[in-house]
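**Student:**
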Amino acid sequence: MNIDSHQSFVMEFPKLQHPFTMVMAGPIGCAKTYFVRDLLHCKREMFSPVPDKIVWFYGIHQPLYDNIPEVTFVEGLPLKFQEYLGKHTLFIIDDLMSHGANQKLLTDLFTKGSHHLNLSIIFIVQNFFHKGKEMRK
């Protein structure tokens, strides 16, 4: 590709198309949560359409959460997710592998709920091969 001095080159990154599901897996301390935070800081460039509601479910509160605007933080996993849904909702499920591994609700969210509820999900885990019965399906 030849570009002369009067032309400009703009590179566009592919966007995550809502609804989507993503698993962010890695060992403790590899900055998974920071990566997701950075995705949210660039949400207009990274998601299409941009989520109108972002809910972050967590196991242990981290100071990092205090610096992420426009996100609802919820400790643990609720039994019902309907109250957290919007038109284009993004759920982030952070470090709840042991809570969610045996919960059929979480599996249903990932396999059926994403499409039927117009819901995107980012599941942050430390072990992609966790031994929970539901996660292996």
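Everything in the sequence shown is counted per this note's numbering, starting at 66 for the first residue and increasing by one. Backbone N, C-alpha and C define an ideal beta-carbon position, used for all residues, glycine too.
Measure the Cβ-Cβ separation of K152 and D103 and say whether it is below 8 Å.
**Tutor:** Between K152 and D103, the C-beta spacing is not below 8 Å.
**Student:** Taking the alpha carbon of H106 as the point to measure from, which residue in G94, I119, C95 has its own alpha carbon closest?
**Tutor:** Considering only alpha carbons, the answer is I119.
**Student:** From the DSSP output, in three-state form, read off V115 for me.
**Tutor:** coil
**Student:** Return the CA-CA distance between T172 and E77, expressed in angstroms with no decimal places.
**Tutor:** 33 Å
**Student:** Leaving out the 5 sequence neighbours to the left and right, which residues in its chain are closer than 6 Å to Y130 when beta-carbon positions are compared?
**Tutor:** F138
**Student:** Kindly indicate the opening and closing residues of the beta strand (DSSP E) around V139.
**Tutor:** Element bounds for V139: 137 to 140.
**Student:** Apart from the five residues just before and just after I125, which ones in its own chain have a Cβ nearer than 8 Å to its Cβ?
**Tutor:** D160
**Student:** Can you find the residues in the same chain that come closer than 6 Å, C-beta to C-beta, to G178, ignoring five residues on each side of it along the sequence?
**Tutor:** L184
**Student:** According to DSSP, is D160 helix, strand or coil?
**Tutor:** coil
**Student:** With a threshold of 16 other CB atoms inside 10 Å of the CB of I186, please say whether the residue is buried or exposed.
**Tutor:** buried
**Student:** Under 6 Å Cβ to Cβ from R109, same chain only, skipping five residues before and after it: list those, please.
**Tutor:** The residues V115, in chain order, have a CB closer than 6 Å to that of R109 in the same chain once the five nearest residues on each side in sequence are set aside.
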